[in-house]
Amino acid sequence: MALDIHCLNLLRLGSKSGVRYAETLTVGRPALYLSDEELAGFLAQADLPHDAREIAALRADGYCEPFLKRAFGARDIVALDASSYQGAGLIHDLNTPLRAERQFGAVLDFGCLEHVFNFPVAVANVIGLCRPGGHLLHVLPANNWCGHGFYQFSPETFFSLYSERRGFRHTRAFLVEFDRPAKWFEVRNPLDSGKRVNVINRERTYLLVITQKTDRAQSPLEHVPQQSDYVTLWQAGAAGQAPAAGAGPSVWRSLSQRSGLSALATAVRLPLRSFRSRVLGHRQSLRASRPDLTEIDVASLVRH
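Numbering-wise (our numbering), the sequence shown opens with residue 1033 and increments by one.
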């Protein structure tokens, strides 16, 4: 777990969006992974002292708490971890349910949940630690981190988990490539489009998520999220409507079932898949040439 430039920018967006960091819980105890240049640049923009002594003080113990207090006004910061070896104040294995005795205005998951095998229980615990009106912020692996943890996450996971119907609001998700921090790609909610957001690229890619919890928030252990495009199909079926062209998990499967042209569909599908893999699937980086991704200049997005 680490607070790096991507986490810093999400914190800045949170501050701009009304997140209050006075009482903050960190999932794990994040190290401070900002360079001296990144620290100095941020402090200068925030009109905070940023000489060598100030920067040295912020990174003295290697963890993020001094920076969160200095830069974002955090007064009380509690770290949650399965072990005490890094000095966390709340010890609990997120694989097992936690009865929260206290809730926080901001809950920061900067690279922890991918390391917890029992994800539904872990994220239910994290939600329970956030008070109604508080915010949850995640920075988690999306693409090309295979082997880093147990999981890589899709935007679908959090759009479905943090939907308005489940008691959350203002949920936003961004994809950002690890070595290109100046550009984010905001993801369109598949609940709105009824279609999957499939992303193929070569770079290590983070998923950044911010949401606000309301007093109607549902636990995923009590009310299990369903994938949005299936929900769209089920609702259409219940209303007696034929699914829209292109809806559902496989256009080709639908075509072959309706027309009986299974062999022809397969004959066309396989060459197209090979072409897409060679030509489209090997792009070096994300691009905004599609309706479900919007390229954003991060400096403009997070600037107050």
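Each residue gets a CB set at the ideal place from its N, CA and C atoms; glycine is no exception.
Quick caveat, the model's predicted, so the values are computed rather than measured.
Status (buried if at least 16 other CB within 10 Å, exposed otherwise) for residue i
i: Leu1011; result: As shown, the chain starts at 1033 and ends at 1336. That puts residue 1011 outside it, with no answer to give.
i: Ser1282; result: With a pLDDT of 46 at Ser1282, under the threshold of 50, the predicted position of this residue should be treated as unreliable, though the coordinate-derived value follows. By the neighbour-count rule (16 or more Cβ atoms within 10 Å), Ser1282 is not buried but exposed.
i: Cys1178; result: exposed
i: Tyr1002; result: Nothing can be reported for residue 1002, as the shown portion of the chain is limited to 1033 through 1336.
i: Asp1324; result: buried
i: Lys1245; result: buried
i: Pro1187; result: buried
Residue interval of the alpha helix (DSSP H) (run including residue i)
i: Ile1232; result: First-last for Ile1232: undefined, no H or E at that position.
i: Val1334; result: Val1330 to Val1334
i: Arg1052; result: Unbroken run through Arg1052: none, as it is neither H nor E.
i: Ser1225; result: Pro1222 to Ser1225
i: Thr1189; result: Pro1187 to Leu1193
i: Gln1077; result: Asp1068 to Gln1077
i: Arg1085; result: Ala1084 to Leu1090
Beta-ladder partner(s) of residue i, from DSSP
i: Ala1034; result: Ala1063
i: Cys1162; result: Phe1136
i: Asn1175; result: Thr1237
i: Tyr1095; result: Ala1063
i: Gln1244; result: His1167 and Arg1201
i: Lys1215; result: Asp1329
i: Asp1141; result: His1170
i: Leu1122; result: Leu1112
Cα-Cα separation, residue i to residue j
i: Asn1176; j: Ala1214; result: 19 Å
i: Ala1114; j: Leu1035; result: 19 Å
i: Leu1265; j: Val1219; result: 21 Å
i: Ser1286; j: Leu1045; result: Note that Ser1286 scores 43 on pLDDT, short of 50, meaning its location in the model is unreliable and no value can be drawn from it.
i: Ala1088; j: Thr1203; result: 35 Å
i: Gly1181; j: Leu1207; result: 18 Å
i: Gln1118; j: Arg1061; result: 7 Å
i: Val1158; j: Gln1250; result: 12 Å
i: Leu1040; j: Ala1270; result: 45 Å
i: Gly1165; j: Cys1144; result: 23 Å
i: Phe1104; j: Val1241; result: 18 Å
i: Arg1085; j: Ala1072; result: 11 Å
i: Phe1074; j: Tyr1065; result: 14 Å
i: His1170; j: Thr1189; result: 12 Å
i: Arg1163; j: Ile1109; result: 15 Å
i: Asp1083; j: Phe1151; result: 42 Å
Host beta strand (DSSP E) of residue i (start-end)
i: Trp1266; result: Looking at the DSSP string, Trp1266 is not in any beta strand (DSSP E); the run it does join, the alpha helix (DSSP H), is Ser1260 to Ala1270.
i: Arg1319; result: Where Arg1319 is concerned, there is no enclosing beta strand (DSSP E), given that its DSSP letter is neither H nor E.
i: Leu1207; result: Phe1200 to Glu1209
i: Val1110; result: Asp1108 to Asp1113
Nearest-angstrom beta carbon gap, residue j and residue i [assumed within contact, 8 Å]
i: His1167; j: Ala1132; result: Not a contact, Cβ separation roughly 16 Å.
i: Leu1100; j: Thr1128; result: Not really, about 27 Å apart at Cβ, beyond 8 Å.
i: Val1148; j: Leu1193; result: Going by Cβ atoms, the distance from Val1148 to Leu1193 rounds to 15 Å, so no, they are not a contact pair.
i: Leu1172; j: Val1059; result: Wrong, their Cβ atoms sit about 11 Å apart, outside the cutoff.
i: Gly1199; j: Arg1134; result: About 20 Å; that fails the 8 Å criterion.
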